[in-house]
Amino acid sequence: MSASQPTYRHPCTLPDRSLWFGQASLYDEHIVIEGWTWRGRYRREIPIRRIESVNWRSRLQGPNLELTLCDGATVAVRLQKGVGLWNAKLHALLGQSMVGGGCLPEAAPSAPDTETPAPHNARTNDPPANDADASG
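Count along the sequence shown from 1, then add 5; that gives the number in my numbering.
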């Protein structure tokens, strides 16, 4: 893929300002967020090397991707689609694990392993055969 083509490009909005026709583009070296505001054209470029951590959420409203920069500033954006793709690609570009950083929801504790009883014969509705009965 050439350097001039983004890996992903999706419509977006910003939580703290109006952004019409917003687009977020993810390149291997930077992210570009652009669109139109009340003051005119908006464009922000964020170098990947300045991103310290990535946090994403599956939400119906509000920002669903939050980038924490090395200086402690955060950049929040709402991608209209593809946020999971962005999350995976950004973690790959940063050399970070998606599992260890708290970006995925924690799994509920699993139930202890239990033995599953043998299925009964559905055709005859007989209980499963018992090995002790067969030796008898």
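Glycine included, C-beta positions come from ideal geometry on N, C-alpha and C.
Just the C-alpha distance for residue 54 and residue 19, rounded to the nearest angstrom, thanks. Spanning the two alpha carbons is a distance of roughly 22 Å.
Tell me where the beta strand (DSSP E) around residue 145 begins and ends. Residue 145 is absent from the model: the chain starts at 6 and stops at 141.
With which residues is residue 17 paired in a DSSP beta bridge? Here residue 17 is bridged, per DSSP, to 84.
By the 10 Å Cβ neighbour count, where 16 or more other Cβ atoms means buried, how is residue 40 classified, buried or exposed? Buried, because 16 or more other Cβ atoms sit within 10 Å of the Cβ of residue 40.
Residues in its own chain within less than 6 Å of residue 37 by CB, not counting five upstream and five downstream? Counting only Cβ-Cβ distances below 6 Å, and skipping sequence neighbours, we find 30, 50.
Using DSSP with H/G/I as helix, E/B as strand and the rest coil, what is residue 27? If DSSP states are grouped into helix, strand and coil, residue 27 belongs with the strands.
Looking only at DSSP bridge pairs, what is residue 12 linked to? According to DSSP, which records beta bridges pairwise, residue 12 is partnered with nothing at all.
Measure from the alpha carbon of residue 23 to the alpha carbon of each residue in 93, 87, 82, then state which is nearest. Residue 23 has its Cα closest to that of 82, out of 93, 87, 82.
Less than 7 Å between the beta carbons of residue 13 and residue 100, yes or no? In this structure, residue 13 keeps its C-beta atom at 7 Å or more from the C-beta atom of residue 100.
Quick check on the DSSP output: the beta strand (DSSP E) that includes residue 61 runs from which residue to which? It spans 56-61 - the beta strand (DSSP E) in which residue 61 sits, taken as one unbroken run.
Measuring straight from C-alpha to C-alpha, what distance separates residue 34 and residue 52? Note on geometry: alpha-carbon atoms of residue 34 and residue 52 lie some 6 Å from one another.
DSSP on residue 65, reduced to helix/strand/coil? It is coil, neither helix nor strand.
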